[in-house]
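S.K.: Encoded as structure tokens, here's the structure I'll be asking about.
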Amino acid sequence: MRLKSMKRRTLQKETIKQIFQQLDQPLGIEQILCKGREKVPALNRATVYRNIRLYVEEGLLLKINHPALGTLYERAGRGHHHHFYCRICDQVFELPGCALKETNVTPKGFFAESHEVFVSGVCSSCSTRDFSSITNTDHENPPA
Ligand SMILES: [Zn+2]
Ligand SMILES: [Zn+2]
9 MRLKSMKRRT
19 LQKETIKQIF
29 QQLDQPLGIE
39 QILCKGREKV
49 PALNRATVYR
59 NIRLYVEEGL
69 LLKINHPALG
79 TLYERAGRGH
89 HHHFYCRICD
99 QVFELPGCAL
109 KETNVTPKGF
119 FAESHEVFVS
129 GVCSSCSTRD
139 FSSITNTDHE
149 NPPA
């Protein structure tokens, strides 16, 4: 019996790891739970939390505090980068690299040590899939 439950635990932990490898984007607990249940239907929120915490401790995942979505997790070791939030599909994408020069935004005498930038808008798949929802957001009569 003990062996069986150990196997199950390993499977759940591995499943969570695979989600991050496959999707390769920052994810919230609800998204992880939803994707994980496609593979392991018995997966529950407490298990997701426990394994995510373990992965953060092991240095495999990083925690992000997103202004629009709250706590998200992403794979560690990707170098300095920022995030793009799509307001249509509610997903967060990684923006590789950084265009911000800290010396351009800090006044004389200030020495910046770190920064965070969150970009929001509409992602490429949403902008090609449903252009009307972008242009007609403040119309009085939305298209039927
Ligand atoms: Zn989108
Ligand atoms: Zn940056």
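All residue numbers for the sequence shown refer to the working numbering, where the first residue is 9 and numbers rise by one.
Beta carbons are placed, not taken as given, at the ideal position from N, Cα and C, and that holds for glycine.
Would you please state the rounded distance, in angstroms, between the beta carbons of C131 and C94? I believe it to be under 8 Å.
M.R.: 4 Å
S.K.: Drop a sphere of 10 angstroms on the beta-carbon of K109, count the other beta-carbons inside from all chains shown, and report buried for 16 or more, exposed for fewer.
M.R.: exposed
S.K.: Taking I72 as part of the beta strand (DSSP E), name the residues at either end of that continuous run.
M.R.: 69-74
S.K.: Have a look at R86, M14, E38 and flag the residue whose alpha-carbon is nearest the alpha-carbon of L68.
M.R.: R86
S.K.: In the DSSP assignment, what residue or residues form a beta bridge with L103?
M.R.: Note: L103 sits in a beta bridge opposite H90.
S.K.: Opposite R53 in the DSSP bridges: which residues?
M.R.: DSSP output for R53 lists no bridge partner at all.
S.K.: Suppose contacts are defined by Cβ-Cβ distances below 8 Å. Is L51 in contact with L41 by that definition?
M.R.: In this structure, the beta-carbon distance from L51 to L41 falls below 8 Å.
S.K.: With a threshold of 7 Å, establish whether the CB of C42 neighbours any heavy atom of ligand 1.
M.R.: no
S.K.: Less than 8 Å between the C-beta atoms of I37 and Y63, yes or no?
M.R.: no
S.K.: State the DSSP-derived secondary structure class of G36, mapped to helix, strand or coil.
M.R.: coil
S.K.: Given 7 Å as the limit, tell me if V130 has its C-beta closer than that to any heavy atom belonging to ligand 1.
M.R.: yes
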